[in-house]
Every structure is written in structure tokens, then in C-alpha cells.
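S.K.: Submitted below is the structure of interest, expressed as C-alpha cells.
In the numbering used here, the protein residues as written are 489 to 683.
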């Protein structure tokens, strides 16, 4: 299944459209307060049994938990980090008897590889650089049939979580020291000459 996010690179508030017929399959929304994010909801807009949209997954940012179909688990219980300074992999597994996925970010986006088979089961392609002119490329989600059958929601939540954390890290390390430091140096130099 291939789907696109309709809100540029914003994975926290978007509708996810199937590429084959452009129908909305998921709606992602995030509650914000003055102090930051509280919850991110993933709603299935086309439930298998029909009816209204249902919430299939929730990220609780404050308590650092995932909730899928009413089952809540702390992130530390479903994600593990391997040892090593340069290892960027994160291993996600919802429960015993389920597949474990090695989710890692590459230049072209996120890849979720099943650890038992070594097959890439999901990808999240995020535009690397925003375009100044022209139409921006959307975020693209690809899920294999295996991932759709068992681990669709955990993979979507884990990819949203990883991309949000990556964007935070990228935006917060935007050269703050190098942009402020020359002004501090200039102020100190001027202040010394005046005294």
C-alpha cells in the first residue's frame, strides 16, 4: 500500500490518502498546549466493518506511551536501542509473538526492516529539503502486505514518532550558538572599549 500525507512534511496533522484512488485512509491529528504536544491520534477513516472513524493509535507525548486498540504500553517497553555510539537503529516490537522491526533513518527517509526476514516492510519518504519554487513533494508511506496484515498501526506510530523527533533535533540544532555567539562577542568588545 502506498499513501501520501496531504500536509507537506507535517506528519502530526495530516490526512493520509491512498495513491490508487486518493481516498483518505487515515487522519492524523495532534493536540497542543502552551507547553507542547500532548497527544497524537491516528484515526482509521475507512474501518473494515464500516461505520464512523475510529481511533486506532495514540502517542501520549507527556507519558511517552503508545496506545493501539485500547492497549497502552510505555515506549521503553516496545523500543530498544542497540549498543554502540554510531548505531542509529531502533528496534520496535509491539508484543511477544509479533515481528520486530529495525527502524532507521537514511537520507531518503525511514526504513522499517523485519529482523527475522531482513525484508523492508515499510518506508516513510520525507522531502529532504523544502523547495522554494514549484510543488513540494509529499511525505510518502509504503507498507507491504505483511506489515498491513499484522503491524500496520505500530509501524505508522513508530514512523511518526521517529520523524517528529528527527525534525525536532534538526530544528533545535539550527546553529543557535553560531548565530548568537558573534553578537555576544561584539557586545563584549564594544562594552570593553566604552569602559
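Glycine residues also receive a C-beta, built at the ideal position from the N, C-alpha and C atoms.
Entirely within the segment 566-635 and at least 4 residues each: give me those alpha helix (DSSP H) ranges in chain order.
M.R.: none
S.K.: Is the separation between the beta-carbon of residue 514 and that of residue 548 shorter than 7 Å?
M.R.: no
S.K.: Just the C-alpha distance for residue 517 and residue 497, rounded to the nearest angstrom, thanks.
M.R.: 14 Å
S.K.: Is the distance from the Cβ of residue 456 to the Cβ of residue 635 below 7 Å?
M.R.: Past the edges of the chain, shown from 489 to 683, lies residue 456, and the structure says nothing about it.
S.K.: From the DSSP output, in three-state form, read off residue 650 for me.
M.R.: helix
S.K.: Going by C-alpha to C-alpha distance, which of 551, 630, 511 and 546 sits closest to residue 557?
M.R.: 546
S.K.: Got a sec, what are the start and stop residues for the beta strand (DSSP E) residue 515 sits in?
M.R.: Counting along the chain, the beta strand (DSSP E) containing residue 515 begins and ends at 512-521.
S.K.: Going by DSSP, what residue range makes up the beta strand (DSSP E) through residue 555?
M.R.: 553-556
S.K.: In angstroms with no decimal places, state the Cα-to-Cα distance between residue 671 and residue 659.
M.R.: The predicted model places residue 671 with a pLDDT of 42, which falls under 50 and marks its position as unreliable, so this point remains unresolved.
S.K.: Only counting the same chain, and skipping five residues up and downstream in sequence, which positions put a Cβ closer than 6 Å to that of residue 625?
M.R.: 615
S.K.: Given this structure, state the Cα-to-Cα distance separating residue 655 from residue 508, to the nearest angstrom.
M.R.: Between the alpha carbons of residue 655 and residue 508 lies a gap of roughly 29 Å.
S.K.: Going by the beta-carbon positions, is the gap between residue 588 and residue 603 smaller than 7 Å?
M.R.: A contact, by the Cβ cut-off of 7 Å.
S.K.: Using CA coordinates, which residue listed in 586, 591, 573 and 505 is at the minimum distance from residue 579?
M.R.: 591
S.K.: In this structure, does DSSP put residue 641 in helix, strand or coil?
M.R.: helix
S.K.: Classify residue 503 as helix, strand or coil using the three-state DSSP reduction.
M.R.: In this structure, residue 503 counts as strand in the three-state DSSP scheme.
S.K.: Can you tell me whether residue 490 is helix, strand or coil according to DSSP?
M.R.: Strand at residue 490.
S.K.: Going by CA-CA distance only, name the one from 522, 490, 510 and 530 that's closest to residue 499.
M.R.: 530
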